[in-house]
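In what follows, a structure is listed as structure tokens, so that the remarks can point back to it.
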Amino acid sequence: EYEANIYMYLYFVFFIIFGSFITLNLFIGVIIDNFNEQKKKAGGS
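Residue numbers for the sequence shown follow this note's numbering, so the first one is 6 and each next one is one higher.
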């Protein structure tokens, strides 16, 4: 039973880290996309 708990903890921590990484990537992608769009509107290269 103790080993199963360790695996559950590891899975949970890995899931949280992976989910945070994906969320952060989506957020940064939207920001960069909007930044590039505004730069294009302003006539930048």
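For glycine and all other residues, C-beta sits at the position ideal for the given N, C-alpha and C. Please read these numbers as outputs of a predicted model, since none were measured by experiment.
CA-to-CA distance, residue j to residue i, given in whole angstroms
{"i": "N10", "j": "D38", "result": "42 Å"}
{"i": "F19", "j": "G48", "result": "43 Å"}
{"i": "Y14", "j": "G34", "result": "30 Å"}
{"i": "T28", "j": "I21", "result": "10 Å"}
{"i": "E8", "j": "N30", "result": "33 Å"}
Extent of the continuous alpha helix (DSSP H) run through residue i
{"i": "A47", "result": "It is not in any alpha helix (DSSP H) - A47 carries neither H nor E in the DSSP assignment."}
Below-9 Å beta-carbon distance, residue i vs any chain B residue
{"i": "L15", "result": "You won't find chain B in this structure, because it holds only one protein chain."}
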